[in-house]
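Chains as they are written, first to last, in our numbering: chain A, 259 to 810; chain B, 485 to 854. Just so you know, even glycine gets a beta-carbon here, dropped at the ideal spot from N, CA and C.
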Amino acid sequence: MINSSNGMISTSSTSANTQSPGLKTYFKTPEGRYKLHYEKTHPSGLLHYAHGKTVTQVTLAIIKDKPAPSTPTAPPSGFSTGSGVRSAAARLLGASNGSRALSFVGGNGGSKSISSSSSSSGRIGSLGTSCSSNSMINSNFDGKGTYLIFNVGDAIFITDLNSQDKDPIKSIHFSNSNPVCHAFDQDAKDGHDLLIGLSSGDVYSVSLRQQLQDVGKKLVGAHHYNKDGSVNNSRCMSIAWVPGGDGAFVVAHADGNLYVYEKSKDGAGDSSFPVIKDQTQFSVSHARYSKSNPIARWHICQGSINGIAFSNEGAYLATVGRDGYLRVFDYSKEQLICGGKSYYGALLCCAWSMDAKYILTGGEDDLVQVWSMEDRKVVAWGEGHNSWVSGVAFDSYWSSPNSDGTGENVVYRFGSVGQDTQLLLWDLEMDEIVVPIRRCPPPGGSPTFSTGSQSSHWDSVIPVGTLQPAPSMRDVPKLSPVVAHRVHTEPLSGLVFTQECVLTVCREGHVKIWMRPGASDSQSGNSETIPSTSLKEKPLLSSKIGSSTYKQ
Amino acid sequence: MGAAGSKLEKALGDQFPEGERYFGLENFGNTCYCNSVLQALYFCAPFREQLLEYYANSKNIGDAEENLLTCLADLFSQISSQKKKTGVIAPKRFVQRLKKQNELFRSYMHQDAHEFLNFLLNELVDILEKEAQAVKSEPETSSPPEKTANGPKHAQANGVSKEPLVTWVHKNFQGILTNETRCLQCETVTARDETFFDLSLDIEQNSSITSCLKNFSSTETLNAEDKFFCDKCCSLQEAQKRMKIKKPPHILVIHLKRFKYIEQLGRYKKLSYRVVFPLELKLSNTVEDADIEYSLFAVVVHVGSGPNHGHYVSLVKSHNHWLFFDDENVEMIDESAVQTFFGSAQEYSSNTDHGYILFYESIGASNNKS
Numbered sequence: 259m260i261n262s263s264n265g266m267i268s269t270s271s272t273s274a275n276t277q278s279p280g281l282k283t284y285f286k287t288p289e290g291r292y293k294l295h296y297e298k299t300h301p302s303g304l305l306h307y308a309h310g311k312t313v314t315q316v317t318l319a320i321i322k323d324k325p326a327p328s329t330p331t332a333p334p335s336g337f338s339t340g341s342g343v344r345s346a347a348a349r350l351l352g353a354s355n356g357s358r359a360l361s362f363v364g365g366n367g368g369s370k371s372i373s374s375s376s377s378s379s380g381r382i383g384s385l386g387t388s389c390s391s392n393s394m395i396n397s398n399f400d401g402k403g404t405y406l407i408f409n410v411g412d413a414i415f416i417t418d419l420n421s422q423d424k425d426p427i428k429s430i431h432f433s434n435s436n437p438v439c440h441a442f443d444q445d446a447k448d449g450h451d452l453l454i455g456l457s458s459g460d461v462y463s464v465s466l467r468q469q470l471q472d473v474g475k476k477l478v479g480a481h482h483y484n485k486d487g488s489v490n491n492s493r494c495m496s497i498a499w500v501p502g503g504d505g506a507f508v509v510a511h512a513d514g515n516l517y518v519y520e521k522s523k524d525g526a527g528d529s530s531f532p533v534i535k536d537q538t539q540f541s542v543s544h545a546r547y548s549k550s551n552p553i554a555r556w557h558i559c560q561g562s563i564n565g566i567a568f569s570n571e572g573a574y575l576a577t578v579g580r581d582g583y584l585r586v587f588d589y590s591k592e593q594l595i596c597g598g599k600s601y602y603g604a605l606l607c608c609a610w611s612m613d614a615k616y617i618l619t620g621g622e623d624d625l626v627q628v629w630s631m632e633d634r635k636v637v638a639w640g641e642g643h644n645s646w647v648s649g650v651a652f653d654s655y656w657s658s659p660n661s662d663g664t665g666e667n668v669v670y671r672f673g674s675v676g677q678d679t680q681l682l683l684w685d686l687e688m689d690e691i692v693v694p695i696r697r698c699p700p701p702g703g704s705p706t707f708s709t710g711s712q713s714s715h716w717d718s719v720i721p722v723g724t725l726q727p728a729p730s731m732r733d734v735p736k737l738s739p740v741v742a743h744r745v746h747t748e749p750l751s752g753l754v755f756t757q758e759c760v761l762t763v764c765r766e767g768h769v770k771i772w773m774r775p776g777a778s779d780s781q782s783g784n785s786e787t788i789p790s791t792s793l794k795e796k797p798l799l800s801s802k803i804g805s806s807t808y809k810q
Numbered sequence: 485m486g487a488a489g490s491k492l493e494k495a496l497g498d499q500f501p502e503g504e505r506y507f508g509l510e511n512f513g514n515t516c517y518c519n520s521v522l523q524a525l526y527f528c529a530p531f532r533e534q535l536l537e538y539y540a541n542s543k544n545i546g547d548a549e550e551n552l553l554t555c556l557a558d559l560f561s562q563i564s565s566q567k568k569k570t571g572v573i574a575p576k577r578f579v580q581r582l583k584k585q586n587e588l589f590r591s592y593m594h595q596d597a598h599e600f601l602n603f604l605l606n607e608l609v610d611i612l613e614k615e616a617q618a619v620k621s622e623p624e625t626s627s628p629p630e631k632t633a634n635g636p637k638h639a640q641a642n643g644v645s646k647e648p649l650v651t652w653v654h655k656n657f658q659g660i661l662t663n664e665t666r667c668l669q670c671e672t673v674t675a676r677d678e679t680f681f682d683l684s685l686d687i688e689q690n691s692s693i694t695s696c697l698k699n700f701s702s703t704e705t706l707n708a709e710d711k712f713f714c715d716k717c718c719s720l721q722e723a724q725k726r727m728k729i730k731k732p733p734h735i736l737v738i739h740l741k742r743f744k745y746i747e748q749l750g751r752y753k754k755l756s757y758r759v760v761f762p763l764e765l766k767l768s769n770t771v772e773d774a775d776i777e778y779s780l781f782a783v784v785v786h787v788g789s790g791p792n793h794g795h796y797v798s799l800v801k802s803h804n805h806w807l808f809f810d811d812e813n814v815e816m817i818d819e820s821a822v823q824t825f826f827g828s829a830q831e832y833s834s835n836t837d838h839g840y841i842l843f844y845e846s847i848g849a850s851n852n853k854s
């Protein structure tokens, strides 16, 4: 499998001059074909000078219900009235021609007038000429919708996931700094559900719906935190809502600090924190005043925090960083539980399984690492990328096609994307992970002390709160991908699984939406191949993991 | 220039490493290939240390004949003994000597930094070997091994058990590759060792150094026109061949083959491929699972879109700060700026600054240090 994926890359590199023509619009998996459905991108010719300075990230935002009539975080009244008027006008238009089908007709004069009257800028105007985007705004004003939020250069773009329109329906430009990370909370109680972190360290919270209602190209009704980097002026690296945190969110910065904010507080209070005494040690400081926002600073590591992820219920927070360590914290206790070092180099991304039993990490060693919370160590390395692994995610919507649902053999499907432009899908079957065979069995003696530190990976019980050193190559079981597909021409930066599709995004701001093999699709023919494909990597000698029988 | 120096001093402030000197090197007309490599070598801590030690000792012996080694040692000692912390030095004697020694470097044409590094290391080794022989005063008539201008291999006399002299240059840079060939007829594995001072890697678009190293050691089948003469079968046979690293060097120098001869064009072309290189690296293509960790300390960067022109600069890590050396100029850069030298994901990009030679030093077990 590895060889074949190498082969793939070498053929692709020879055709690199011709670029996109070499890319297929589908890829096959044991469960069927994933087909390229839509592509989303930013308006062409956009700020090429800004390229390379920022890396595009994508956030999925689902607006569920009608908005609350008024939000406690409403902007100055004049502004809010203005947008209210606009939305009313839009509703009228929407009622008259709002059906989705019309959006592809073009030449919708009514909605065009909205955008041109409200904005003198050429950018919105040029979006307007693609026409369908205008009716899109209309049809989504008070309905629910699924949106993609992505950053390119100095702008945030919002696009409707379910429209085949390539161009975004909304762009928001930042004058002073570039937006670099964002997060959406679909269960937000009041209006503010979208977080945006900037390279200057500044952070905004806004209502996504309010942005969609407004036709301008500036952020509206925003709360501004860490203004001009007053608390921390290093780049925001990753941002996340605390699940069930009642409006609390965390921002990880390039200097190894993470701040906890509460969106209900304005960011005006004095938030000075004591000087960090030991850069190498984890420490938490709380703000001295109850009005302060941020309310706490966690110093996590030396160098950048590259990614953070909360477990589903918000009990745990995982961080990965420049120092190559994955760290897992008990969020409410503010305690380090476990963690470990990459094989080598920085870790770039991390993600939890839905049941919070496993964490995926990806990094500069080209490996996808599977970390077990139960064992507090790495249980598998996925080999298959030909460059750094920049995005990982479990596919929580996937159910093993050959399982009856009650089987003991739990199978996890996950995906990874890399700077090699490839999307890889993996199956993690706990029954199949095996402890690799020892090359040099200990010459008698007790297994615990026999081969020293190198083999301790599989022998020792790991105490709470300790970080594991990098395991040795021979001590970690290897996984091979189920499928490897070159999805973009540019290095990738992230992936998202939804119920219907897989989204891939490249560093330069192009998003591709791959539809899952449909239920009605030719499943029968493809499913025949499942056993042979998934068994191909089954090693001959195996002692099994999971049932903790892997002593020696 | 002086102003630039003080700017760097200001940037470092009280973090300026004690005893360290950051000096730009004057360009004598297309000598940036030389300057960029010299900076990388200067900030190769064990190499500099041993060169200065050698210089101190050889001075006691008395003025030996000038050669490339004494010129290099002289230059390094000149830099390290400067009163000022920053500034510019003219490596005049060294460059003159280099041009005298090798006609390749005599012209004012654009030169290849990797060729220069290779020439220099082999030359240093030759000088040290000759000196050692002179000390032994054994009239052994082993002429210095033949060098090919481009080959990184310092070919060993085939199998003849002449005790190879291990100089401090060897101790720093030399590694051993083993070339395993398995005859597909009789299954006999023939292993042939060769030494190297650097690894020249083929590169691919949007790949990593890790991946290039894997490809370097991937199995290759010898067949058709390219069969293998099996000693056991006494005939040409199909065979499988792979290169593994038997002894990883203390200083791992990786050369990215960015200049590729394109047959259709009848000329060399620069590959601007994006090849990412991590700040820490482990070798997976070793004979034993050594898991030796390396840390990146210098990058020689080729600037420009073609092979016959352009410019060389270097990035150097010194006392946990990254510095950018561009001939006379020295600047401090952020660690994250190193990634702007990975290359371009698309052809015809405006970015033409590409990492060309990478210098990694093994961390942890430093058994190679003298």
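Query	Result
Distance cutoff 8 angstroms, beta carbons only. Does residue 837 (chain B) sit that close to anything in chain A?	no
Between the beta-carbon of residue 779 (chain B) and the beta-carbon of residue 845 (chain B), is there less than 8 angstroms?	yes
Leaving out five residues on either side along the sequence, give the residues of the same chain with a beta carbon under 6 angstroms from the beta carbon of residue 676 (chain B).	663
Out of curiosity, what's the CA-to-CA distance linking residue 651 (chain A) and residue 725 (chain B)?	38 angstroms
Look up residue 745 (chain A) in the DSSP assignment and say whether it is helix, strand or coil.	coil
Could you spell out where the alpha helix (DSSP H) holding residue 467 (chain A) opens and where it closes?	466-471
Under the DSSP definition of a beta bridge, which residues are partnered with residue 557 (chain A)?	A:515, A:541
Could you confirm whether any beta carbon from chain A is found closer than 8 angstroms to the beta carbon of residue 803 (chain B)?	no
Classify residue 409 (chain A) as buried or exposed, calling it buried when 16 or more other Cβ atoms lie within 10 Å of its own Cβ.	buried
If you reduce the DSSP assignment to three classes, tell me which class residue 555 (chain B) lands in.	helix
Quick one: is residue 622 (chain A) buried, meaning 16 or more other Cβ sit within 10 Å of its Cβ, or exposed?	buried
Answer yes or no: do residue 508 (chain B) and residue 772 (chain B) have a C-beta to C-beta separation smaller than 8 angstroms?	no
Using a Cβ-Cβ cutoff of 7 angstroms, what residues of the region 624-644 of chain A are near chain B? List them in chain order.	624, 644
Taking 8 angstroms as the cut-off, decide whether the C-beta atoms of residue 765 (chain A) and residue 775 (chain A) are in contact.	no
Which word fits residue 748 (chain B), buried or exposed, when buried means at least 16 other C-beta atoms lie within 10 angstroms of its C-beta?	exposed
Mind listing the chain A neighbours of residue 758 (chain B)? Cutoff is C-beta to C-beta under 8 angstroms, in chain order.	677, 749
How would you write the range of the alpha helix (DSSP H) that residue 281 (chain A) sits in, first residue to last?	It is not in any alpha helix (DSSP H) - residue 281 (chain A) carries neither H nor E in the DSSP assignment.
Hey, which unbroken runs of the alpha helix (DSSP H) at 4 residues or more fall wholly within the region 575-632 of chain A?	none
Which one or two residues does DSSP pair with residue 666 (chain B) in a beta bridge?	B:673, B:724
Is DSSP giving residue 868 (chain B) helix, strand or coil here?	What the structure shows of chain B is the stretch from 485 to 854, and residue 868 (chain B) is not part of that stretch, so it cannot be assessed.
What would DSSP say about residue 710 (chain B), mapped onto helix, strand or coil?	helix
Quick check on the DSSP output: what are the complete beta strand (DSSP E) runs of length 3 or more inside the region 498-526 of chain B, in order along the chain?	506-509
Hey, could you find the ends of the alpha helix (DSSP H) residue 694 (chain B) is sitting in?	693-700
Considering residue 656 (chain B), what are the terminal residues of the alpha helix (DSSP H) in which it resides?	652-657
Check whether the region 554-571 of chain A and the region 602-609 of chain A are in contact - that is, three or more C-beta pairs closer than 8 angstroms.	yes
Taking the alpha carbon of residue 803 (chain B) as the reference point, which residue from B:518, B:512, B:527 has its own alpha carbon closest?	B:527
Which residues in chain B sit within 7 angstroms of residue 622 (chain A), going by Cβ to Cβ distance?	762
Is the Cβ-Cβ distance between residue 552 (chain B) and residue 577 (chain B) less than 8 angstroms?	no
How long is the line joining the alpha carbons of residue 298 (chain A) and residue 513 (chain A), rounded to whole angstroms?	33 angstroms
Is it true that the CB of residue 667 (chain B) sits closer than 8 angstroms to the CB of residue 728 (chain B)?	no
On the criterion of 16 or more Cβ atoms from any shown chain inside 10 Å, does residue 227 (chain A) qualify as buried, or is it exposed?	Outside the displayed span of chain A (259 to 810) sits residue 227 (chain A), for which this structure offers no information.
Got a sec: is the Cβ-Cβ distance from residue 694 (chain B) to anything in chain A below 8 angstroms?	yes
Could you name the residues that DSSP lists as bridge partners for residue 431 (chain A)?	A:413
Only counting the same chain, and skipping five residues up and downstream in sequence, which positions put a Cβ closer than 6 angstroms to that of residue 781 (chain B)?	801, 843, 845
Have a look at A:653, A:768, A:436 and flag the residue whose alpha-carbon is nearest the alpha-carbon of residue 754 (chain A).	A:653
Check the Cβ of residue 291 (chain A) against every Cβ in chain B and list those closer than 9 angstroms, keeping chain order.	Correct list: empty, because the minimum Cβ distance to chain B is about 25 angstroms.
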